[in-house]
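Numbering (my numbering), first residue to last: 156 to 415.
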């Protein structure tokens, strides 16, 4: 807490061994994250507040999101129903569209429930830019992120990781929010290599929960098309029937304190 301003903030701490090559690479990744975060200002993006070094420790100061992560909320309260899922989807896409329309574009590369935080008004906030990259497509084929949310082309290591890979991960995250389970199911992949092969090389798609509405099903299905060029942009998704139907009904989402 900033005792002068009365501001609560989160602190991300990293300790480095300067003699370790692995730690030097990790430090470079975190500094790249900071470089990206410095220029981002949007209601659906966790705000970067600054950083400093103390000896061999880096302290990163970030906006505090008291509601915690979507993954934690799902584990405690279960799957989301409409209109809460619509509210979450719109906030996620607003933040992602902001990233994707930057110049140059910012690709997140690790969208999942654990990396989406919420405030007490249930405003979605994309976080954890440790895997992010500035560019339309990054041709670095280092496998980052979490396998069940990964797009096939990321695992295949053929076309790099562009904005359309983030869209696949959005579809997987919607499945996660609608089911309170990982995309593809909780226990489908007992083996890491099988998971990589199944997602990257088969024609299979992550199953969409039966409980979702028809328009939600259509939105998710458009995100998880295997060919990246067949997937819509974040801006396209914001204009989808699913989200417009939420706006046209004028329904508000009433929430009590998330920590109650």
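Just so you know, even glycine gets a beta-carbon here, dropped at the ideal spot from N, CA and C.
Fill in: Segments of 4+ residues assigned as alpha helix (DSSP H) that fall wholly inside the segment 159-245
176-192, 225-232
Discussion item. Closest to residue 230 by C-alpha separation, out of 375, 332, 378, would be which residue?
Written reply: 332
Fill in: Rounded straight-line distance, which links the Cα of residue 213 to that of residue 347
32 angstroms
Item to complete: Express the C-alpha separation of residue 356 and residue 274 in angstroms, rounding to a whole number.
Response: 38 angstroms
Worksheet item: Under the three-state reduction of DSSP, which class applies to residue 261: helix, strand or coil?
Response: strand
Item to complete: Tell me whether the beta-carbon of residue 330 lies closer than 9 angstroms to the beta-carbon of residue 388.
Response: no
Worksheet item: Which value, in whole angstroms, describes the spacing of the CA atoms of residue 180 and residue 174?
Response: 11 angstroms
Discussion item. Please report the straight-line C-alpha distance between residue 311 and residue 386, rounded to a whole angstrom.
Written reply: 17 angstroms
Discussion item. Can you confirm whether the segment 245-256 touches the segment 189-203 when touching is taken to mean that 3 or more C-beta pairs between the two stretches lie within less than 8 angstroms?
Written reply: yes
Practice prompt. Please check if any C-beta of chain C sits within less than 9 angstroms of the C-beta of residue 337.
Written response: No chain C is present in this structure, which holds just one protein chain.
Worksheet entry | Cβ-Cβ distance between residue 325 and residue 266 below 9 angstroms | yes
Worksheet item: If we count Cβ pairs, one from each stretch, closer than 8 angstroms, do we get three or more for the segment 300-309 versus the segment 220-239?
Response: no
Worksheet entry | Neighbour-count burial assignment, residue 376, 16 or more Cβ in a 10 Å radius | exposed
Worksheet entry | Cα-Cα separation, residue 335 to residue 352 | 24 angstroms
Worksheet item: Can you tell me where the beta strand (DSSP E) with residue 329 in it begins and where it stops?
Response: Looking at the DSSP string, residue 329 is not in any beta strand (DSSP E); the run it does join, the alpha helix (DSSP H), is 318-334.
Practice prompt. May I ask you to report which of helix, strand or coil DSSP gives residue 363?
Written response: coil
Fill in: Sequence-distant residues of its chain with Cβ nearer than 7 angstroms to residue 360 (five each side left out)
379
Worksheet entry | Own chain, CB closer than 7 angstroms to residue 269, minus 5 neighbours either side, in chain order | 224, 226
Worksheet item: Is it right to say residue 338 is buried, meaning 16 or more other beta carbons lie within 10 angstroms of its own, or is it exposed?
Response: buried
Item to complete: Can you tell me the Cβ-Cβ gap for residue 395 and residue 374, rounded? I've got them flagged as a contact below 8 angstroms.
Response: 5 angstroms
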